[in-house]
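A.B. asks: There's a structure below that I have some questions on.
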C-alpha cells in the first residue's frame with residue numbers, strides 16, 4: 031500500500047444522510063447568496079449595551095431607545111418616524127435602521143417570545159419558536175440534548191428562493207449570529223421563521239434551525255421526535271409521518 | 012432557462028454569465044465532491060458554510076473562468092482551497108484529533124480494503140502527524156491528490172502551476188513523508204496518480 035492509498039483510507043467522511051443534508055443546506059445558502067441583491071448595504075453591527083449611550087449621543091440618531099435587560103425583557107414601543115430603534119436584552123439585540131432593515135444579533139438563544147414581539151414591533155412578521163428538549167447525561171457525564179419535537183420546513187412551506195435572498199441575509203450563523211431582514215421585501219402573508227433550543231447550558235452547545243422565510247404565516251407544527259432506543263437509530267419524524275424529507279435540519283450553531 | 016445535461020462545465024459557466032441560474036447546475040454536479048473534501052479538511056462544523064462560500068466565490072468570479080477547461084473541478088478545488096486556508100486553525104485542530112484517533116472513514120468492508128484500512132489505521136496517527144509537519148502548500152498538494160483524487164494535471168490547474176512542477180513537488184513531499192514516518196512505513200512507488 032502506498033502513502034497516497036493510506037491517506038485515502040484515513041480521509042474522514044460523513045454518513046451519506048448527513049452529507050446530503052449538508053449539501054442541501056449549502057445549496058440553499060448558495061442560492062440565497064447568488065440571487066440578485068437589493069441595494070448594497072454595509073454590515074453594521076448592532077450597538078450593544080456597553081457602547082449604547084455614547085453611540086446614541088454621538089450620532090444623535092436614536093430618537094427613542096428601548097434598553098431592557100434579562101431574558102424576560104419586554105420590547106418597548108416604536109421610535110419616532112424616520113429614526114432607528116434598538117431593543118437590547120442579555121440574549122439578543124434587535125435593531126431597526128432608518129432605512130427599515132432590521133438586524134438580529136444573537137449572542138445566546140433565549141427568550142423566543144420576546145424576540146418574536148421585538149421583531150413584530152419592527153414590522154417583521156416573525157414566528158419564533160422554542161424547540162423543546164430533554165437534557166440527559168451522556169458519556170463522561172457530559173450533557174446530551176434530545177429534542178422532544180422538531181420543526182420540519184419543507185420546500186412547500188418556504189417562500190421562493192428569490193424571496194429568501196431578498197428578505198433574509200445571513201451574516202453569520204454561529205453565535206454570535208447576525209441576520210439582517212428587509213421587511214419591505216416580504217410578500218403579504220409571508221413570515222420569518224426562527225426556532226431554537228432556548229437556555230441550553232453552555233456545555234451542551236447551541237442548537238438552532240436556519241432562519242427561513244415561510245410562504246405563509248402558518249407556523250410549522252412541532253413534530254414529536256420518538257425516543258431512540260439503545261442500538262437503534264430512530265426514524266425521522268418526517269419520514270414516519272409520510273412527509274417529504276426535511277429540508278431544514280437542526281444545526282449546532 | 013434550459014439545462015442541457017450533456018453540456019460541459021465550461022459551457023454552463025460561460026452561459027451563466029447571461030443566465031445566472033445555469034450556475035446551479037454546476038453546483039449540483041460538483042457540490043457533493045467539494046463538500047466531501049471540505050468535510051475531510053475542516054470537519055462537520057464548517058463543511059456546509061465553506062462549501063457554500065466556495066460556490067458563491069466561484070459564481071462571482073465565473074467571468075474569469077478559462078473556457079478551455081471543460082471540467083470545472085480543478086478550478087473549484089482551487090477556490091475551495093483558498094476558502095479552507097482561512098480556517099487553518101480549525102484544520103490543525105482536526106489533524107491533532109486524527110493524530111490521536113483513526114478517522115471515521117467509509118464503511119465499505121471488502122476484504123482487500125479491510126486489510127488496507129487496518130494498515131492505514133495503524134499508521135493513522137503518524138500519518139496525521141506527518142501531514143501536520145508539512146508546509147502548508149505541500150499539504151495542499153498532497154491532499155488534492157490523496158483526498159480530492161485529482162490527477163497531477165488537475166492538481167496543477169487547481170494550484171496554478173505546471174504538471175511537471177506538481178510531479179517534482181509531490182515526489183519531494185513523499186520522500187519527506189517517508190523520512191518523517193521512518194523505515195517502518197510501507198511506501199511503495201506505485202503510480203497512484205494517473
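Protein chains in written order, with the numbering used here: chain G, 31 to 283; chain R, 12 to 205. The beta-carbon is built from N, C-alpha and C at its ideal position, and this holds for glycine as well.
Taking only the alpha-carbon atoms, compute the straight-line gap between residue 125/G and residue 39/G and give it to the nearest angstrom.
C.D. replies: The residue you call residue 125/G lines up with position 95 of the first chain. The residue you call residue 39/G lines up with position 9 of the first chain. Straight-line Cα distance between these residues: approximately 49 Å.
A.B. asks: For residue 195/G, which of helix, strand or coil comes out of DSSP?
C.D. replies: The residue you call residue 195/G lines up with position 165 of the first chain. Note: residue 195/G maps to helix in three-state DSSP.
A.B. asks: Taking the alpha carbon of residue 257/G as the point to measure from, which residue in 164/G, 129/G, 145/G, 196/G has its own alpha carbon closest?
C.D. replies: Numbered from 1 along the first chain, position 227 holds the residue referred to as residue 257/G. Closest by alpha carbon: 164/G.
A.B. asks: Hey, is residue 63/G's beta-carbon within less than 8 Å of any beta-carbon in chain R?
C.D. replies: Taking the first residue of the first chain as 1, we reach residue 63/G at position 33. Yes, contact with chain R.
A.B. asks: Would you mind listing the beta strand (DSSP E) stretches within the stretch 221 to 260 of chain G that are 3+ residues and don't spill past its ends, in chain order?
C.D. replies: 221 to 226, 242 to 244, 252 to 254
A.B. asks: Which residues in chain G have a C-beta closer than 7 Å to the C-beta of residue 59/R? List them in chain order.
C.D. replies: Locating residue 59/R in the second chain gives position 48, counting from the first residue. Near residue 59/R (Cβ distances below 7 Å), the residues of chain G are 52, 55, 56.
A.B. asks: With distances taken Cα to Cα, identify the nearest neighbour of residue 38/R among 167/R, 172/R, 52/R, 64/R.
C.D. replies: Indexing the second chain from 1 puts residue 38/R at position 27. Nearest C-alpha to residue 38/R: 64/R.
A.B. asks: What are the partner residues of residue 159/G, as DSSP defines its beta bridges?
C.D. replies: Locating residue 159/G in the first chain gives position 129, where the first residue counts as 1. Residue 159/G pairs with 225/G.
A.B. asks: So, with DSSP's three-state summary, where would you put residue 28/R?
C.D. replies: Start at 1 with the first residue of the second chain, and residue 28/R comes out as number 17. Three-state result, residue 28/R: coil.
A.B. asks: Would a check of beta-carbon distances place residue 47/G closer than 8 Å to chain R?
C.D. replies: On the first chain, position 17 is the one that residue 47/G refers to. No, because no Cβ of chain R sits closer than 8 Å to the Cβ of residue 47/G.
A.B. asks: For chain R, find out if any of its Cβ atoms is closer than 8 Å to the Cβ of residue 134/G; answer yes or no.
C.D. replies: To locate residue 134/G, count along the first chain from 1; it is residue 104. Not one chain R Cβ lies under 8 Å of residue 134/G.
A.B. asks: When the distance is taken between beta carbons, is residue 42/R closer than 8 Å to residue 56/G?
C.D. replies: Taking the first chain and counting its residues from 1, the one referred to as residue 56/G is at position 26. Taking the second chain and counting its residues from 1, the one referred to as residue 42/R is at position 31. Result yes, Cβ atoms of residue 56/G and residue 42/R sit closer than 8 Å.
A.B. asks: Using a Cβ cut-off of 7 Å, pull out every chain G residue sitting near residue 185/R, in sequence order please.
C.D. replies: One-based indexing of the second chain puts residue 185/R at position 174. Correct list: 33.
A.B. asks: Among residues of its own chain, excluding the 5 on either side of residue 246/G, which ones have a beta-carbon nearer than 6 Å to its beta-carbon?
C.D. replies: Locating residue 246/G in the first chain gives position 216, counting from the first residue. Listed in chain order, the non-local C-beta contacts of residue 246/G below 6 Å within the same chain comprise 219, local neighbours out to five positions each way being set aside.
A.B. asks: Which one of 134/R, 174/R, 151/R has the shortest CA to CA distance from residue 92/R?
C.D. replies: Position 81 of the second chain, counted from the first residue, corresponds to residue 92/R. Answer by Cα proximity: 151/R.
A.B. asks: In or out: residue 89/R buried (at least 16 other Cβ within 10 Å) or exposed?
C.D. replies: Here residue 89/R corresponds to residue number 78 of the second chain, with the count starting at 1. Under this definition residue 89/R is a buried residue.
A.B. asks: State the Cα-Cα distance for the pair residue 231/G and residue 142/G, rounded to the nearest angstrom.
C.D. replies: As a working mapping, residue 231/G is identified with position 201 in the first chain. As a working mapping, residue 142/G is identified with position 112 in the first chain. Roughly 16 Å between the two C-alpha positions.
A.B. asks: With the cut-off set at 8 Å, would you say residue 222/G and residue 211/G are in Cβ contact?
C.D. replies: Locating residue 222/G in the first chain gives position 192, counting from the first residue. Locating residue 211/G in the first chain gives position 181, counting from the first residue. Taking C-beta atoms as the reference points, residue 222/G and residue 211/G count as a pair closer than 8 Å.
A.B. asks: Where do the N-terminal and C-terminal ends of the beta strand (DSSP E) with residue 173/R fall, by residue?
C.D. replies: The count along the second chain starts at 1 and reaches residue 173/R at position 162. First-last for residue 173/R: undefined, no H or E at that position.
A.B. asks: Please list the partners that residue 169/G has in chain R, where partner means a Cβ-to-Cβ separation under 7 Å.
C.D. replies: As a first step, residue 169/G must be located in the first chain, where it is residue number 139. Near residue 169/G there are no residues of chain R at all, since even the closest Cβ is about 14 Å away, more than 7 Å.
A.B. asks: Can you tell me the Cα-Cα spacing of residue 144/R and residue 59/G, whole angstroms?
C.D. replies: What you label residue 144/R is simply residue 133 of the second chain in a count that begins at 1. What you label residue 59/G is simply residue 29 of the first chain in a count that begins at 1. Going by the C-alpha atoms only, they are around 35 Å apart.
A.B. asks: Which residues in chain G sit within 7 Å of residue 100/R, going by Cβ to Cβ distance?
C.D. replies: For this step, residue 100/R is matched to residue 89 along the second chain. Chain G residues near residue 100/R: none, gap ~15 Å exceeds 7 Å.
A.B. asks: Let me confirm a value: residue 30/R is counted as buried when at least 16 other C-beta atoms fall within 10 Å, else exposed. Which label applies?
C.D. replies: Your numbering for residue 30/R matches position 19 in the second chain. Exposed, because fewer than 16 other Cβ atoms sit within 10 Å of the Cβ of residue 30/R.
A.B. asks: Could you work out which residue in 74/R, 107/R, 56/R, 170/R is closest to residue 26/R when comparing CA atoms only?
C.D. replies: Translated into positions along the second chain, residue 26/R becomes position 15. Out of 74/R, 107/R, 56/R, 170/R, 74/R has the C-alpha closest to the C-alpha of residue 26/R.
A.B. asks: How would you list, in chain order, the residues of chain G whose beta-carbon sits under 9 Å from the beta-carbon of residue 67/R?
C.D. replies: Taking the second chain and counting its residues from 1, the one referred to as residue 67/R is at position 56. What residue 67/R touches in chain G: 59, 60, 63, 64.
A.B. asks: Classify residue 75/G as buried or exposed, calling it buried when 16 or more other Cβ atoms lie within 10 Å of its own Cβ.
C.D. replies: Translated into positions along the first chain, residue 75/G becomes position 45. Model confidence at residue 75/G stands at a pLDDT of 48, short of 50, so the residue's coordinates are unreliable; what they give is reported in the following sentence. By the 10 Å Cβ count, residue 75/G comes out exposed.
A.B. asks: Relative to the C-alpha of residue 177/R, which residue among 164/R, 33/R, 187/R is closest?
C.D. replies: The sequence position of residue 177/R within the second chain is 166, counting from 1. Ranking 164/R, 33/R, 187/R by Cα distance to residue 177/R puts 164/R first.
A.B. asks: Along the alpha helix (DSSP H) that carries residue 96/R, what are the first and last residues, could you check?
C.D. replies: Within the second chain, residue 96/R is the residue found at index 85, counting from 1. Per DSSP, residue 96/R belongs to the alpha helix (DSSP H) from 84 to 96.
A.B. asks: Is the stretch 189 to 198 of chain G in contact with the stretch 116 to 135 of chain G, if contact means three or more CB pairs nearer than 8 Å?
C.D. replies: As far as the Cβ criterion goes, the stretch 189 to 198 of chain G does not touch the stretch 116 to 135 of chain G, which means the pair count is below three.
A.B. asks: Can you check whether the C-beta of residue 42/G is within less than 8 Å of a C-beta belonging to chain R?
C.D. replies: Here residue 42/G corresponds to residue number 12 of the first chain, with the count starting at 1. It does; some Cβ of chain R falls within 8 Å.
A.B. asks: Sorted by chain position, which residues of the same chain lie with C-beta nearer than 7 Å to residue 217/G's C-beta, five sequence neighbours on each side aside?
C.D. replies: On the first chain, position 187 is the one that residue 217/G refers to. Result list for residue 217/G: 189, 193, in chain order.
A.B. asks: In the DSSP assignment, find the beta strand (DSSP E) that holds residue 115/G and state where it starts and stops.
C.D. replies: To locate residue 115/G, count along the first chain from 1; it is residue 85. Run containing residue 115/G: 115 to 118, per the beta strand (DSSP E) assignment.
A.B. asks: Using a cut-off of 9 Å between C-beta atoms, extract the partners of residue 47/R located in chain G.
C.D. replies: Walking along the second chain from the start, residue 47/R turns up at place 36. Simply 41, 43, 44, 49.
A.B. asks: Between residue 191/R and the rest of its own chain, which residues show a CB-CB distance below 7 Å, the 5 nearest in sequence each way excluded?
C.D. replies: Here residue 191/R corresponds to residue number 180 of the second chain, with the count starting at 1. Apart from the 5 residues on each side of it in sequence, residue 191/R sits with its Cβ closer than 7 Å to the Cβ of 141, 144 in its chain, given in chain order.
A.B. asks: In angstroms with no decimal places, state the Cα-to-Cα distance between residue 117/R and residue 43/G.
C.D. replies: For the purposes of this step, residue 117/R is taken as the residue at position 106 of the second chain. For the purposes of this step, residue 43/G is taken as the residue at position 13 of the first chain. Since pLDDT at residue 117/R reaches only 48, below the 50 mark, its modelled position is unreliable, and the value read off the structure follows with that caveat. Going by the C-alpha atoms only, they are around 6 Å apart.
A.B. asks: Counting only beta-carbon atoms, is residue 230/G nearer than 8 Å to chain R?
C.D. replies: Residue mapping note: residue 230/G aligns to position 200 of the first chain, counting from 1. No, its Cβ sits nowhere closer than 8 Å to a Cβ of chain R.
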